[in-house]
């Protein structure tokens with residue numbers, strides 16, 4: 040009888056949940072949000088939702104959803120009402136594109152004596168905004184548009200003065216400068232800049248799925264506060280000024296089949312005491328910080344993920360007692376400039392991963408680093424300066440077991456680089472050296488079988504075997520382009 044009553048309650052809850060519709064072509068925010076009378080904006084659609092309701096956003100052939108210019112600090116889409124375990128709130132984009140671009144009102148710009156125009160602009164690339172080595176916007180992050188076309192980002196005010204129809208961003212002044220074409224003023228052009236952001240979920244049992252967020256002023260898909268059981272599925276972030284994905288405080292979040300490309304911060308940055316799980320996700324070519332970043336006692340798991348080509352630092356940052364675990368992941372660096380991962384006062388664990396193309400596997404930070412690292416059943420290959428690094432006196436913090444090593448150089452232990460084929464001693468168990476076992480994309484796909492060293496009857500090789508959907512996402516989004524009209528592919 041109790042089971043029957045509970046089932047009846049859950050069924051009644053599901054029947055009471057409403058579905059609202061958003062359509063930026065056919066809708067109007069004066070409508071009631073029904074299927075036959077949709078609202079026009081996602082913001083209005085979210086305002087209609089109550090517990091366990093559903094929002095369906097029409098994709099309209101990629102025509103981006105946009106918001107007006109809100110001021111210097113931008114606006115995000117806040118999700119303040121959730122659902123239950125049985126009936127989560129669902130916000131379904133059906134492939135819709137959201138753009139953070141907004142047309143800048145003419146009165147925001149102020150003309151200076153040298154003929155340039157200036158406005159307050161403080162995009163939310165958190166680490167870059169305090170990076171004092173550079174007083175210009177990231178050259179790789181192309182975010183400035185004039186009359187529908189992406190225009191040049193100069194590296195100095197002097198360069199801007201020589202370059203009509205271009206921009207220069209001053210971190211010191213928190214301002215953006217624009218040099219109009221000869222004979223034109225600010226009233227003769229339409230300037231569009233990243234001014235709004237993606238989703239911020241603050242409630243329990245919410246699922247956000249099938250959206251692409253481009254040119255966000257801040258992050259793409261975030262949680263904040265204490266939300267539990269939040270899921271982002273098939274969400275893509277491209278050319279954002281902040282992270283693609285980020286969870287804060289004590290949120291518990293699951294990301295599935297998501298992609299982060301060319302964001303001006305990490306692909307994922309999870310902080311405070313948050314807990315996140317990424318499955319079948321791709322983090323490629325992001326242009327500041329790391330591919331993925333954990334800090335402040337947070338805990339994160341990455342399964343079946345690809346992390347590659349992120350610049351200008353390591354692919355993985357582990358900071359401030361965070362815990363990061365990688366299972367069946369491919370992590371590929373950018374050559375011999377940096378290590379693959381940064382370890383600091385927390386833990387990094389790799390199981391059945393392929394770790395390739397860097398100066399060394401790990402960089403360990405300052406001498407007082409208390410971090411620990413475990414690498415098991417992995418392939419470590421194409422390291423230029425050392426296979427991996429163990430600082431003097433920290434040997435007990437590292438464990439390598441059942442790995443296959445490829446390349447010309449051995450590990451660096453206590454300041455001494457060992458020869459290829461010689462292990463680091465007690466830190467290694469059943470590790471072997473081999474040649475020519477990788478090929479394909481990023482030179483990270485296994486072509487030669489190796490039974491797991493020291494394990495009898497194991498049929499799998501060392502290293503990662505990514506799902507085909509992950510490689511397909513890599514192939515597709517390596518070629519993605521953004522514009523005022525949305526996204527396209529080469």
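Residue numbers (my numbering): 40 to 529.
Idealized CB from N, CA, C, for every residue including glycine.
**OP:** Tell me whether residue 436 sits in a helix, a strand or coil according to DSSP, three-state version.
**Re:** In the three-state reduction of the DSSP assignment, residue 436 falls in the helix class, which pools H, G and I.
**OP:** Tell me whether residue 293 sits in a helix, a strand or coil according to DSSP, three-state version.
**Re:** In the three-state scheme derived from DSSP, where H, G and I count as helix and E and B as strand, residue 293 is classed as strand.
Original post:
Hey, how far is the Cα of residue 199 from the Cα of residue 69?
Top reply: Here the alpha carbon of residue 199 sits roughly 44 Å from the alpha carbon of residue 69.
Subject >> Proximity of residue 288 and residue 312 at Cβ, strictly below 8 Å >> reply: Taking 8 Å as the Cβ cut-off, residue 288 and residue 312 qualify as a contacting pair.
Subject >> Cut-off 6 Å between Cβ atoms - residues of its own chain near residue 80, not counting five sequence neighbours on either side >> reply: Same-chain partners within the cutoff: 68.
Subject >> Burial state of residue 51 (16 or more Cβ within 10 Å) >> reply: Any reading at residue 51 must be qualified, since the residue scores a pLDDT of 44, below 50, and its modelled position is unreliable; the value itself is stated next. By the neighbour-count criterion, in which a residue is buried when 16 or more other Cβ atoms sit within 10 angstroms of its Cβ, residue 51 is exposed.
**OP:** Kindly indicate which three-state DSSP category residue 263 falls into: helix, strand or coil?
**Re:** Residue 263: coil per DSSP, three-state reduction.
Original post:
So what's residue 309 in DSSP terms, helix, strand or just coil?
Top reply: Of the three classes helix, strand and coil, the one that applies to residue 309 here is strand, per DSSP.
**OP:** Tell me where the beta strand (DSSP E) around residue 303 begins and ends.
**Re:** Per DSSP, residue 303 lies in no beta strand (DSSP E) and is assigned neither H nor E.
Original post:
Does DSSP put residue 227 in a helix, a strand or coil?
Top reply: Residue state, collapsed to three classes: helix.
Subject >> Coarse secondary structure for residue 232, derived from DSSP in three states >> reply: Here DSSP, grouped into helix, strand and coil, assigns residue 232 to strand.
Original post:
Looking at the structure shown, is residue 385 part of a helix, part of a strand, or coil, going by DSSP?
Top reply: Residue state, collapsed to three classes: coil.
Original post:
Under the three-state reduction of DSSP, which class applies to residue 315: helix, strand or coil?
Top reply: The answer is strand: DSSP assigns residue 315 an E or B state.
Subject >> Stretch-stretch touch, CB-based, cutoff 8 Å, three pairs: the segment 137–146 with the segment 106–117 >> reply: Result yes; three or more Cβ-Cβ pairs closer than 8 Å.
Subject >> Assumed close pair residue 82, residue 142 - CB separation to whole angstroms, cut-off 8 Å >> reply: The Cβ separation is near 17 Å, so there is no contact.
Original post:
Nearest-angstrom Cα distance between residue 219 and residue 228?
Top reply: When rounded, the distance between both Cα atoms is 8 Å.
Original post:
How would you label residue 169, buried or exposed, when you count the other beta carbons within 10 angstroms and need 16 or more for buried?
Top reply: With fewer than 16 other Cβ atoms within 10 Å, it is exposed.
**OP:** Following the continuous beta strand (DSSP E) through residue 142, name the residue where it begins and the one where it ends.
**Re:** 140–142 is the extent of the beta strand (DSSP E) around residue 142.
Original post:
What's the C-alpha gap between residue 131 and residue 316?
Top reply: Rounded to the nearest whole angstrom, the CA to CA distance from residue 131 to residue 316 is 20 Å.
Original post:
Can residue 326 and residue 529 be called in contact, C-beta distance under 8 Å?
Top reply: The answer is no: Cβ separation not under 8 Å.
Original post:
Which of the three DSSP states, helix, strand or coil, is assigned to residue 391?
Top reply: Secondary structure of residue 391 (DSSP, three-state): coil.
Subject >> Straight-line gap, residue 279 to residue 303 (C-alpha atoms, nearest Å) >> reply: In a straight line, the C-alpha of residue 279 is about 6 Å away from that of residue 303.
Subject >> Burial state of residue 92, where buried means 16 or more other Cβ atoms lie within 10 Å >> reply: With 16 or more other Cβ atoms within 10 Å, it is buried.
Original post:
Which residue spans inside the segment 46–124 form an unbroken alpha helix (DSSP H) run of at least 4?
Top reply: Qualifying alpha helix (DSSP H) stretches, in chain order: 81–87.
**OP:** Could you work out which residue in 310, 187, 244 and 158 is closest to residue 165 when comparing CA atoms only?
**Re:** Residue 165 has its Cα closest to that of 310, out of 310, 187, 244 and 158.
Original post:
Expressed to the nearest angstrom, what Euclidean distance is found between the alpha-carbon atoms of residue 372 and residue 516?
Top reply: Rounded to the nearest angstrom, the two C-alpha atoms are 18 Å apart.
Subject >> Close beta carbons around residue 418, own chain, < 6 Å, minus the five adjacent residues each side >> reply: Correct list, in chain order: 393, 443, 501 and 502.
**OP:** Give me whichever residues DSSP pairs with residue 159 in a beta bridge.
**Re:** Residue 159 is bridged to 214.
**OP:** Pull up the distance between the alpha-carbon of residue 431 and that of residue 437, whole angstroms please.
**Re:** Going by the C-alpha atoms only, they are around 12 Å apart.
Original post:
CA-CA distance, residue 410 and residue 148?
Top reply: If you take the alpha carbons of residue 410 and residue 148, they lie about 48 Å apart.
Original post:
Nearest-angstrom Cα distance between residue 215 and residue 159?
Top reply: So the two alpha carbons sit approximately 6 Å from each other.
Original post:
Taking 7 Å as the cut-off, does the CB of residue 132 come closer than this to any heavy atom belonging to the ligand FMN?
Top reply: Only the bare structure without any ligand can be found here, which leaves the ligand FMN out of the picture.
Original post:
Considering only C-alpha positions, which residue in the set 319, 298, 320 and 384 is nearest to residue 333?
Top reply: Taking each of 319, 298, 320 and 384 in turn and checking the Cα distance to residue 333, the smallest one comes out for 384.
Subject >> Local Cβ density within 10 Å of residue 55, reported as buried at 16 or more and exposed below that >> reply: By the neighbour-count rule (16 or more Cβ atoms within 10 Å), residue 55 is not buried but exposed.
**OP:** Going by CA-CA distance only, name the one from 161, 389, 96 and 354 that's closest to residue 331.
**Re:** The shortest C-alpha separation from residue 331 is found at 354.
Subject >> beta strand (DSSP E) segment containing residue 248, residue limits >> reply: Per DSSP, residue 248 belongs to the beta strand (DSSP E) from 245–253.
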